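Peer 1: Note that my numbering has the sequence shown beginning at 216, numbered continuously upward.
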Amino acid sequence: MLSSPSAAAGAAAFVALEPLRPRQIPSQRTSSANGAVAVGSSRPNGASSASFWTTSLFACAALSRFARRPARPVTKTARPAYASAPQTYEGAPIGPPPDLPSLLLKERIVYLGTPITAEVTELIIAQLLYLNYESADKPITLYINSTGSTIKNNTRYIGESKVGMETDAFAIADCMGYIKPDIQTIAIGQAYGTAAVLLGLGKKGKRFALPNATVMLSEPREPPARGPRQASDIRILAREVLQNRSTMSELLSKATGKSKEQVVEDTNRCYYMTPDEAVEYGLIDKVLTPEKMKAAGDKEVPSFVSAMAS
216 MLSSPSAAAG
226 AAAFVALEPL
236 RPRQIPSQRT
246 SSANGAVAVG
256 SSRPNGASSA
266 SFWTTSLFAC
276 AALSRFARRP
286 ARPVTKTARP
296 AYASAPQTYE
306 GAPIGPPPDL
316 PSLLLKERIV
326 YLGTPITAEV
336 TELIIAQLLY
346 LNYESADKPI
356 TLYINSTGST
366 IKNNTRYIGE
376 SKVGMETDAF
386 AIADCMGYIK
396 PDIQTIAIGQ
406 AYGTAAVLLG
416 LGKKGKRFAL
426 PNATVMLSEP
436 REPPARGPRQ
446 ASDIRILARE
456 VLQNRSTMSE
466 LLSKATGKSK
476 EQVVEDTNRC
486 YYMTPDEAVE
496 YGLIDKVLTP
506 EKMKAAGDKE
516 VPSFVSAMAS
């Protein structure tokens, strides 16, 4: 039983506010009739109940007032003067700038800037197939700055000998002829060996070189083996090299309009050409000089893409 009316009122108020308790009140120790100490209920009995309920009432009332306290107004800080304005592309807002390869791919630009290895071939073919899927009508621009076919880390072998380096470039050449969009090729810096073949396989009338680029034609190569070889291995390698030579000569004959025999004779040794000599040979169609690039203007990116049609 509660000892006073005020305690009873406090108990009623506590029951009404009980859901607002922040935590459970810890249990208290009580004494039984025979003097033994036992753990009782969390609500005490006897004379101390009045003070207990009064304290609980004040605690719950304080918690209730805190819950009803209005939130502080949120003030918006002004944008700093140095903050950059929102960026847009074609009228739509954009986030952080994309990586450079993605930006070039969006502009339908494929860049071959390394020797032609299996990994590079996989990337170039994937980009060409994607651009063909995206649009079969818009042209593709292929920039070439490559020394041609090579083997990375000497990983392709028949026995102890490397073989078939040019087949990676042949795969790119086949993909260029397979897809529907026209491919504009531009030589930047150097286009050696199979890279020169890819340069000449662009769309006729849309094969270009910058003024200081260098073009070089060569035969298929077979690097020296790491050890002695058997006669059967030498026969296999020789047959593969001769087959690659025939394939490369056919591709160059198709690109330049010269006979296959003439191409074989010209590529017996490394055949270096300036851009003007490459035009005379039929490997490219035009040299993109600074005057032509300036005349084309800078409405397109890159600016000398406009000079291709002039």
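The C-beta atom is built at its ideal place from N, Cα and C for all residues, glycine as well. Every value quoted in this text rests on a predicted model; they were computed, and no experiment measured them.
1) May I ask which residues mark the beginning and end of the beta strand (DSSP E) holding Q342?
2) Anyone know if the C-beta pair for A411 and M380 falls short of 8 Å?
3) Report the three-state DSSP secondary structure of K395 (helix, strand or coil).
4) Between the segment 336-349 and the segment 390-405, can you find at least three pairs of beta-carbon atoms closer than 8 Å?
5) On the premise that N347 lies in contact with K419, defined as a C-beta separation below 8 Å, what is that separation, rounded to the nearest angstrom?
6) In terms of residues, what are the limits of the beta strand (DSSP E) holding L432?
7) Short of 8 Å in beta carbon distance, which residues of its chain neighbour P426, apart from the five on each side in sequence? Order them along the chain.
8) For N459, does the three-state DSSP call read helix, strand or coil?
9) Quick one: what does DSSP say R422 is sitting in, helix, strand or coil?
10) Less than 8 Å between the beta carbons of V325 and L357, yes or no?
11) Helix, strand or coil for T365 per DSSP?
12) Helix, strand or coil: how does DSSP classify T329 here?
13) Taking the CB atoms as reference points, tell me whether S433 and G404 lie closer together than 8 Å.
14) Distance check for A428 and Y486, CA to CA, integer angstroms please.
15) For a test of the three-state rule: what should DSSP assign to Q405, helix, strand or coil?
16) Look up M380 in the DSSP assignment and give the residues it is bridged to.
17) Is P505 near the ligand NAD, in the sense that its beta carbon is under 7 Å from a heavy atom of that ligand?
18) Can the beta-carbon of P443 be found less than 8 Å from the beta-carbon of V456?
19) Look at L498 and T471 and say whether their C-beta atoms are less than 8 Å apart.
20) Please work out which residues of its chain come closer than 7 Å, Cβ to Cβ, to F385, disregarding the five sequence neighbours upstream and downstream, and give them in chain order.
21) Can you name, in chain order, every residue of its own chain whose Cβ lies under 8 Å from the Cβ of T365, other than the five neighbours on each side?
Peer 2: With the given structure in hand:
1) That residue, Q342, is in no beta strand (DSSP E); its alpha helix (DSSP H) goes 333-349.
2) no
3) coil
4) yes
5) Contact flag wrong, Cβ pair sits at about 19 Å.
6) 429-432
7) P490, V502, L503, T504, P505
8) helix
9) strand
10) yes
11) coil
12) coil
13) no
14) 14 Å
15) strand
16) Beta-bridge pairing links M380 to no other residue.
17) No copy of the ligand NAD occurs in the structure displayed, which carries no ligand at all.
18) no
19) yes
20) T462
21) P330, I331, T332, M380
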